[in-house]
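I have placed the structure first, in the form of structure tokens, so that the comments after it can refer back to it.
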Amino acid sequence: MQRLSMLCAAFALAATASLAQDNAPPPAPYAAVSSLVQLPDFLPGLGQLYVDPATLPAGPFLGYDHDGKLSATIYMVPLADLEGGKAFNDLAVGNPSVTGVDIYYNAGHPGVEAPHAHVVLYHDAEAKGRLAQ
Numbered sequence: 578m579q580r581l582s583m584l585c586a587a588f589a590l591a592a593t594a595s596l597a598q599d600n601a602p603p604p605a606p607y608a609a610v611s612s613l614v615q616l617p618d619f620l621p622g623l624g625q626l627y628v629d630p631a632t633l634p635a636g637p638f639l640g641y642d643h644d645g646k647l648s649a650t651i652y653m654v655p656l657a658d659l660e661g662g663k664a665f666n667d668l669a670v671g672n673p674s675v676t677g678v679d680i681y682y683n684a685g686h687p688g689v690e691a692p693h694a695h696v697v698l699y700h701d702a703e704a705k706g707r708l709a710q
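Counting in our numbering, the sequence shown runs from 578 upward without gaps.
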């Protein structure tokens, strides 16, 4: 699992293209995840998520706080893809400012059913707290 964490960290740092969508909702082709699969509008820890369906499963998912401020960019990377050597290159970032990164395991959920790693890039020092509520 430590090797996976290192791979995910490198993956997160390699994400370079900025989407710069500071306020919800982002323009098409982004759609609210809750309109695509059976999930709540706001997920504590991730926020209100938007994704371009063509980029599934990895994303990027854009996570907005309750005030509609872009707070995080999230990637949902299937473990089988990483273990199989698949690279995720040139992924977009919601905002180039990143103040922290969390990486954790998820067993699967609607939209990304396979076990995967969540790689969460926070865009300001208070973002994690705003998304937790």
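Glycine included, C-beta positions come from ideal geometry on N, C-alpha and C.
Practice item. Leaving aside the five residues before and after residue 745 along the sequence, list all residues of the same chain whose C-beta is less than 6 angstroms from its C-beta, in chain order. Key: Only positions 578 to 710 of the chain appear in this structure, which leaves residue 745 out of reach.
Exercise for review: Specify the secondary structure class of residue 618 as computed by DSSP and reduced to three states.
Suggested key: Along the sequence shown, read from residue 1 onward, the residue named residue 618 stands at position 41. Of the three classes helix, strand and coil, the one that applies to residue 618 here is coil, per DSSP.
**Study point:** Closest residue to residue 696 among 678, 686, 624 (Cα-Cα distance)
**Key:** As a first step, residue 696 must be located in the sequence shown, where it is residue number 119. Measuring from the Cα of residue 696, the nearest candidate turns out to be 678.
**Study point:** Proximity test, residue 681 beta-carbon vs the ligand SAH heavy atom, cut-off 7 angstroms
**Key:** Ligands in the displayed structure: none, and consequently the ligand SAH is not present.
Review point. Under 8 angstroms, do residue 523 and residue 688 count as touching if we go by C-beta distance?
Key: No answer is possible for residue 523: the residues shown for the chain start at 578 and end at 710.
Review point. Since residue 704 contacts residue 657 with CB under 8 angstroms, what's their CB separation in whole angstroms?
Key: One-based indexing of the sequence shown puts residue 704 at position 127. One-based indexing of the sequence shown puts residue 657 at position 80. The pair is not a contact, with the Cβ atoms about 29 angstroms apart (cut-off 8 angstroms).
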